[in-house]
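Data block below; observations after.
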Amino acid sequence: MKSEQNRAPSPDQPQASKTLTVVEPPASRPAAAPVRPGRELPSSVLTPPVPPPPPHLDDYESIIGAAQVEALRFLAADVKGKTVKMVNSTAVGGGVAEMLNRLVPLLSELEVPTHWEVITGGNDFFEVTKAFHNALHGTEYELTKNAQEIFLMYNEQNLQRMQFEEEVVVIHDPQPAALIRAKARSKAKWVWRCHIDLSNPNPSVWEFLRPCIEKYDAAIFSSQSFARQLPIPQYLFYPCIDPLSEKNKELDDSVIQKVCDEFGIDRSRPIVTQVSRFDRLKDPVGVIEAYKLAKKYVDCQLVLAGGGAKDDPEGSVVLQEVKEAAGNDPDIIILDLPPWCALEINAIQRASALVVQKSLREGFGLTVTEALWKGKPTIAGAVGGIPNQIIHKLTGVLVHSVEGCAFQIRYLLTHPEFARRIGMNGREQVKENFLMTTNVKRWLLLFRILSGSKPSPIPT
Amino acid sequence: MPTVERPPLRKPEKTFYFKTSEHLLRIGREKATTLEELLKALRECPDSSIFQHTFRTLQEHHFIRQGFSNDFAHWSLSACHEPILAEQLASVDVREFTDIAGVRGRMVEIVEEFLQEHPRSTARAAHEPFYFCAADLVVLPTPFAPDTLPDFVDALRQVSLHSIHHHFIEARLRLKRMSNDFSNWLEQEVGLRDTALAIERIDIYTNTLEGVRQQIARIVGQALN
């Protein structure tokens, strides 16, 4: 059995050939890079599209049903007029900002006025918070007095600048966590929404932050396994996807065909896809090895669609390793896409016969959620939040090795009825637990509980 | 064959108010990394955790027709690789209990007996821990309040699956009897005892909740015809 630890490139791996399809992101747009020799990057991915306006609650009715939309309205009626402030550290980019961009308008539409503020800070602050972020994920880090002072000083500056007149204040992630010091001068209930995995934090950073966190009225984590023992109530809010976003909305077959044509993907043969940035923890080389093992038995193409290699020095190295592992196989299509290619990713996922997410470590794994939502039979590593989404052989399949992944590719491609069934179950799993509307419901329930309404622990 | 003329259906005296319940998940303090720890936590955790991992998880996974019963059974198989225990725990039908103490007692009994027979399994580390959670429940009204049988069937087809779970599965914890809100109403208000019994017999473990809804609608529809 091969080790599932970070896989270094082996010296005897084949060199990338000219036939390897690589899409380079434009360095400073709009310079187009070749898709294949003689082909240019499709014009659709050269510039970011204009974002569509955020959807309204009624737009979700066709997806979750009128009764569920009605339930949201009933829940909201109980907390109507309650004012909420959400605070995070970035207005654009990243999953938190993406989620707040949809959540804030929906809560406001439900007459729960929600205000979103972003903290400010210098480069030194964000260097410290990035180091904290990595340390909380378990990376070695020496916490210095200077780093502590920088963290607290910028939090204090923001605290002086901001007003906290709302009834609920929600602080996202560690960067603004010390704003809790304003609790003494506000009447609000304070909630800390932690989006990162705290299961194995660097002790010095966690012990530095812990006194702040314990002052909150409640904390929210994305998975049971990400939480810490704390003296405050801890709630479980799974991350979610928006079924109406460019990444997840339904697409006409003509759009899917057009995207596949542009990227040289042959829809007449089975497509196996992994969507993830070029990062060793996503094990793209392991996916190629699994594909090669499976291909001895079944015909298929492999699409590795990701991004970030241009901005991240390690990403470039990993991309090179991936190219070398792919060798001269024309059925391996490697796409290094710009970050605004949500619709293209959507189309590729929908064109796929099955989706792989063979991560070695993972946060929640929203690419798995996206694949499940599209009804795709999904093979994923049993790490991080993935087992929250995939119940083995019921809503997808979990694997622990290259060989296991290869077998499941073979099995799912040759057992379409089983593949169809787990794909359908996977979609229902997302519909029930991981959609934006479920997230809105969780927030409304929490606001209701924080306002003193006693929930029942069991039916009475 | 002579036709047996059935008496006309009674008009219900009381309206059936469809409700629904929503829940927020709390992360509990208990955690198990071995079957021994699971047993200890099963004895000590709050009722709301037992409720979450048995009754409530059925709602969260309402779309699965077979192979999923409760979180304890699932963990015993997927993390502890103990198929015998998993099958035994999965065979616990929550609808045979009218209180959480009964469900807890049965789960504890199964794990205790298993560990007595398989002592080497007691302290073997699970592949991943079991994290106990609990649900904070909020019951909500819905716009559906039928006072005739045809309107009842019509509403049944429109309410959310959470509402079906609330009235059909969770109900016995409220009623403290081996029944459900639908059967209760049909028997007491409409006099349809056989229909009520037929509904009560629907197997929730071999059906999706949508399948349960359709079966209830079909059974009541037969009574209407």
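In order, the protein sequences belong to chains A and B.
Position 236 of the first sequence, counted from 1, bears residue number 236 in the working numbering, the numbering being contiguous throughout.
Position 135 of the second sequence, counted from 1, bears residue number 135 in the working numbering, the numbering being contiguous throughout.
We put the CB at the ideal spot given by N, CA and C, even for glycine.
Quiz item: Excluding five sequence neighbours on each side, which residues of the same chain lie with their C-beta closer than 6 Å to the C-beta of A/His-392?
Solution: Contacts found: Leu-398.
Practice problem: Verify whether the separation of the beta carbon atoms of A/Ala-91 and A/Val-205 is less than 8 Å. | Solution: no
Quiz item: Listing by chain order, which chain B residues have their CB less than 7 Å from the CB of A/Ser-456?
Solution: Leu-137
Quiz item: Using a Cβ-Cβ cut-off of 8 Å (strictly less than) and excluding sequence neighbours within five positions of B/Val-94, which residues of its own chain qualify?
Solution: For B/Val-94, the CB contacts under 8 Å within the same chain, skipping 5 residues up- and downstream, are Thr-54, Phe-55, Leu-58, Asn-70, Val-103 and Ile-169 in chain order.
Quiz item: Given A/Tyr-297, which residues of its chain have a CB within under 6 Å of its CB, disregarding the five upstream and five downstream residues?
Solution: Arg-410
Quiz item: Per DSSP, what kind of secondary structure is A/Gly-122 in: helix, strand or coil?
Solution: coil
Quiz item: Can you find a C-beta in chain A that's less than 8 Å from the C-beta of B/Phe-51?
Solution: Yes, B/Phe-51 counts as interfacial toward chain A.
Quiz prompt | Length at least 3, wholly inside the region 106-172 of chain B: the beta strand (DSSP E) runs in chain order | solution = 130-141
Exercise. Output, in chain order, the set of chain B residues within a Cβ distance shorter than 9 Å of A/Leu-103.
Key: Those do not exist, as A/Leu-103 stays about 16 Å from chain B at its closest Cβ, beyond 9 Å.
Practice problem: For A/Lys-247, I'd like the list of residues in its chain whose CB is within less than 8 Å of its CB, leaving aside the five on either flank, ordered along the chain. | Solution: Ile-241, Ala-342, Leu-343, Ile-345, Asn-346 and Glu-370
Quiz item: Excluding the five sequence neighbours on either side, which residues of its own chain have a C-beta within less than 8 Å of the C-beta of A/Arg-185, listed in chain order?
Solution: Phe-164
Quiz item: Which residue from A/Val-118, A/Lys-187, A/Glu-61 and A/Pro-49 puts its Cα closest to that of A/Lys-82?
Solution: Of the candidates A/Val-118, A/Lys-187, A/Glu-61 and A/Pro-49, A/Lys-187 places its Cα closest to the Cα of A/Lys-82.
Quiz prompt | Own chain, CB closer than 7 Å to B/Glu-13, minus 5 neighbours either side, in chain order | solution = Glu-189
Practice problem: For A/Val-23, count neighbouring Cβ atoms within 10 angstroms of its own Cβ and tell me buried if that reaches 16, exposed if not. | Solution: Model confidence at A/Val-23 stands at a pLDDT of 41, short of 50, so the residue's coordinates are unreliable; what they give is reported in the following sentence. Buried, since its Cβ has 16 or more Cβ neighbours within 10 Å.
Practice problem: Could you run through the region 70-93 of chain A and flag, in chain order, every residue whose CB is less than 7 Å away from some CB of chain B? | Solution: Correct list: Glu-70, Ala-71, Phe-74 and Leu-75.
Self-check item: Contact check, B/Leu-24 vs A/Ile-449, beta carbons under 8 Å
Solution: yes
Exercise. Work out the CA separation of B/Ser-163 and B/Gln-222 for me, nearest whole Å.
Key: 22 Å
Quiz item: What is the DSSP secondary structure of A/Lys-358, reduced to helix, strand or coil?
Solution: coil
Quiz item: Nearest to A/Arg-161 by CA position, among A/Asn-123, A/Thr-139, A/Val-118 and A/Pro-201, is which residue?
Solution: A/Val-118
Exercise. Alpha carbon to alpha carbon, how far is A/Asp-331 from A/Cys-405? Give it in angstroms, no decimals.
Key: 18 Å
Exercise. Starting from the C-beta of A/Lys-215, find all residues in its chain whose C-beta is less than 7 Å away, skip the five residues before and the five after it, and write them out in chain order.
Key: Ile-180 and Lys-183
Quiz item: So with Cβ pairs under 8 Å, would you call A/Leu-394 a contact of chain B?
Solution: yes
Practice problem: Step through the CB atoms of chain B and report whether any lies within less than 8 Å of the CB of A/Leu-366. | Solution: no
Self-check item: Selection from A/Phe-132, A/Pro-339, A/Thr-273 and A/Pro-52 that minimises the alpha carbon distance to A/Val-303
Solution: A/Thr-273
Practice problem: Taking B/His-62 as the query, report the chain A residues whose CB atoms sit under 9 Å from its CB, ordered along the chain. | Solution: Within 9 Å Cβ-Cβ: Glu-428 and Glu-432.
Quiz item: Where does B/Phe-97 fall in DSSP's three states?
Solution: coil
Exercise. Would you kindly work out how many angstroms separate the C-alpha atoms of A/Leu-72 and A/Arg-102, rounded to a whole number?
Key: Taking the straight line joining both Cα atoms gives about 15 Å.
Self-check item: Same chain only: Cβ atoms within 8 Å of A/Tyr-291, ignoring 5 sequence neighbours per side
Solution: Val-272, Cys-300, Leu-302, Ile-332, Ala-406 and Ile-409
Practice problem: Would you mind reading off the limits of the alpha helix (DSSP H) that contains A/Asp-78? | Solution: 66-78
Practice problem: Taking A/Ile-458 and B/Leu-173 to be in contact with their CB atoms under 8 Å, please state how far apart those CB atoms are, rounded to whole angstroms. | Solution: 6 Å
Exercise. Kindly identify the DSSP beta-bridge partner or partners of A/Phe-221.
Key: A/Leu-236
Practice problem: Determine the burial state of A/Ile-386: buried for a count of at least 16 other Cβ atoms within 10 Å of its Cβ, exposed for fewer. | Solution: buried
Exercise. Compute the beta-carbon to beta-carbon distance between A/Lys-282 and A/Ser-359, rounded to the nearest angstrom, for a pair I have assumed lies under 8 Å.
Key: 5 Å
Quiz item: Beta-carbon of B/Lys-14 versus every beta-carbon of chain A: anything under 8 Å?
Solution: no
Exercise. Give the single residue among B/Leu-192, B/Val-92, B/Glu-187 and B/Ser-179 whose Cα lies nearest to the Cα of B/Ile-202.
Key: Among B/Leu-192, B/Val-92, B/Glu-187 and B/Ser-179, the Cα nearest to that of B/Ile-202 is on B/Ser-179.
Quiz item: Roughly how far, in whole angstroms, is the beta-carbon of A/Leu-293 from the beta-carbon of A/Glu-403, given that I think they are within contact range, below 8 Å?
Solution: 7 Å
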